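First the structure, in the form of structure tokens, and then the observations on it.
Residue numbers (the working numbering): 111 to 560.
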């Protein structure tokens with residue numbers, strides 16, 4: 111008897127529907143709760159509308175540094191993590207341009223204890239001088255450690271090529287600005303922004319038997335409702351586009367390349383059209399850029415494109431790493447693929463690949479509490495409709511080739527792009543200048559954000 115069984119026939123994929131959540135007010139805050147029966151490891155996220163974009167010029171990096179310092183807990187000196195570990199819980203805290211998010215992932219059987227420790231860390235941290243200074247030095251050291259990777263350095267240089275004001279400096283504040291952030295500044299930011307605002311609490315997991323109102327009282331305390339700071343359109347960089355920023359790394363055998371341009375905000379962009387177009391260009395392994403630069407030319411191991419969207423603006427970018435001699439030809443090849451996409455449009459096969467990649471895999475994408483909580487956090491931060499995940503799915507299902515064709519012409523404009531290259535300037539300046547993309551500005555990494 112054969113031990114091999116015939117492979118079952120595949121049926122049609124069932125349409126995915128994101129689980130329904132509910133909202134409730136508790137004191138000055140709001141809870142967005144998603145009950146997922148059987149999901150015994152819950153995700154809890156407190157969302158506050160104060161991201162790095164709203165920092166004053168003399169306090170760049172204070173938001174991220176405050177998030178780092180909260181992990182020292184109410185007793186200081188890394189006291190929070192060991193306490194959470196006793197309950198099988200993990201601390202989560204991060205800052206974005208638009209928000210400050212803190213929380214825990216914890217077993218539902220210990221959710222009360224984990225929430226209490228999390229709330230104490232958010233509302234009443236020690237924030238001792240020595241802890242804040244130690245965290246600041248760790249962030250600075252981490253910044254330069256990551257900047258030793260050309261690809262990371264190129265990404266962090268995007269803001270200064272497209273924006274003026276706060277976006278021109280990395281979210282962490284970069285070395286010069288962050289070094290001037292003092293413990294008093296951190297305590298002031300925490301007192302006025304984190305401790306004073308109730309915010310929105312996202313809770314996802316098997317919530318049968320969980321007292322959400324009690325959880326809200328624990329986290330919100332007597333804090334007032336959170337108020338989003340006033341928004342204004344970010345300024346443009348004080349130079350003409352297109353242009354080339356060449357960050358010098360003498361004797362580097364490779365170059366990191368980023369092509370970037372400004373894009374609409376998260377609320378203004380048609381995301382299925384924009385993301386679908388980006389995937390055709392560089393977002394999938396079978397994308398045009400990957401097939402050209404990796405498979406046909408052999409210039410790189412991989413190349414990608416994506417949107418980075420914020421409340422008041424956005425960025426579209428293409429990124430890759432190549433050998434130094436192929437740097438200028440790689441840039442030319444990227445621009446040629448943009449031109450071909452805009453002039454020739456997408457194929458039926460590319461359209462179907464975009465549809466499939468954004469619909470069939472959704473049950474896996476949202477298979478755990480953490481990923482579902484992330485979707486709800488995005489909804490809160492960007493004021494998205496309650497059914498935004500389902501709307502995205504429906505948008506991708508309804509995409510046409512014409513939708514992607516018009517997106518390529520609407521969202522891509524090489525004349526508005528900045529080219530950032532990190533590599534050996536002595537070997538790259540002339541070839542990049544001769545490529546005719548724009549004026550070449552050579553800079554030292556140490557002086558990028560002075």
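The C-beta atom is built at its ideal place from N, Cα and C for all residues, glycine as well.
This one's a predicted model, so the numbers in the text were calculated from it and none came from an experiment.
Could you give the residue range of the alpha helix (DSSP H) that holds residue i?
i           : result
residue 467 : 458–467
residue 516 : 511–521
residue 537 : 535–544
residue 220 : Neither: residue 220 is in no alpha helix (DSSP H) and is coded neither H nor E.
residue 140 : From DSSP, residue 140 is part of no alpha helix (DSSP H) but of the beta strand (DSSP E) over 139–145.
residue 294 : 293–299
residue 502 : 498–507
residue 323 : 322–330
residue 306 : Per DSSP, residue 306 belongs to no alpha helix (DSSP H) and is neither H nor E.
residue 152 : Where residue 152 is concerned, there is no enclosing alpha helix (DSSP H), although the beta strand (DSSP E) it sits in stretches over 151–158.
residue 451 : 437–454
residue 486 : 479–491
Give the straight-line distance between the Cα atoms of residue i and residue j, rounded to the nearest whole angstrom.
i           : j           : result
residue 111 : residue 121 : Because the pLDDT at residue 111 is just 49, under 50, the model does not fix this residue reliably, and the point stays unresolved.
residue 124 : residue 476 : 15 Å
residue 297 : residue 291 : 11 Å
residue 205 : residue 357 : 27 Å
residue 210 : residue 157 : 6 Å
residue 530 : residue 367 : 6 Å
residue 320 : residue 136 : 15 Å
residue 517 : residue 269 : 23 Å
residue 397 : residue 391 : 5 Å
residue 505 : residue 179 : 41 Å
residue 235 : residue 304 : 11 Å
residue 294 : residue 168 : 13 Å
residue 496 : residue 131 : 8 Å
residue 192 : residue 226 : 14 Å
residue 199 : residue 310 : 20 Å
residue 447 : residue 433 : 20 Å
residue 525 : residue 473 : 40 Å
residue 455 : residue 408 : 25 Å
residue 563 : residue 361 : Since the first and last residues shown for the chain are 111 and 560, residue 563 lies out of range.
residue 515 : residue 449 : 12 Å
residue 266 : residue 416 : 15 Å
residue 500 : residue 271 : 36 Å
residue 560 : residue 126 : 49 Å
residue 452 : residue 404 : 21 Å
residue 481 : residue 172 : 27 Å
residue 183 : residue 379 : 39 Å
residue 375 : residue 116 : 50 Å
residue 187 : residue 249 : 16 Å
residue 556 : residue 541 : 24 Å
residue 462 : residue 264 : 33 Å
residue 213 : residue 520 : 38 Å
residue 251 : residue 245 : 10 Å
Locate the beta strand (DSSP E) running through residue i, then write down its first and last residues.
i           : result
residue 310 : 310–315
residue 372 : 364–373
residue 128 : Here residue 128 belongs to no beta strand (DSSP E), and DSSP marks it neither H nor E.
residue 205 : 200–205
residue 553 : 549–553
residue 262 : No beta strand (DSSP E) holds residue 262; the alpha helix (DSSP H) holding it covers 260–266.
residue 470 : No beta strand (DSSP E) holds residue 470; DSSP gives it neither H nor E.
residue 281 : Where residue 281 is concerned, there is no enclosing beta strand (DSSP E), given that its DSSP letter is neither H nor E.
residue 356 : 353–358
Taking residue i as the reference, give the member of the options with the closest Cα.
i           : options               : result
residue 166 : 115, 221, 363 and 277 : 277
residue 568 : 317, 300, 260 and 163 : With the chain covering 111 to 560 only, the question about residue 568 has no answer from this structure.
residue 459 : 479, 413, 510 and 434 : 510
residue 208 : 473, 247 and 164      : 164
residue 176 : 185, 168, 194 and 162 : 162
residue 371 : 350, 363, 361 and 365 : 350
residue 412 : 440, 236 and 435      : 440
residue 420 : 436, 373 and 395      : 373
residue 444 : 427, 479 and 364      : 427
residue 247 : 274, 289 and 155      : 289
residue 465 : 502, 450, 128 and 438 : 502
residue 155 : 266, 172 and 330      : 330
residue 332 : 535, 138 and 117      : 138
residue 438 : 545, 402, 257 and 345 : 545
Inter-stretch contact (C-beta, 8 Å, three-pair minimum) for the region 139–148 and the region 477–492: yes
Sufficient close CB pairs (3 or more, under 8 Å) joining the region 380–393 to the region 275–284: no
Contiguous alpha helix (DSSP H) assignments of at least 4 residues, all confined to the region 223–257: 239–257
The region 319–330 in contact with the region 213–227 per 3-pair CB rule at 8 Å: yes
Touching by the beta-carbon criterion (3+ pairs, under 8 Å), the region 147–162 and the region 303–321: yes
Segments assigned alpha helix (DSSP H), at least 4 residues, entirely inside the region 168–195: 172–180 and 190–195
In chain order, each beta strand (DSSP E) run of at least 3 residues that lies wholly inside the region 368–426: 413–419
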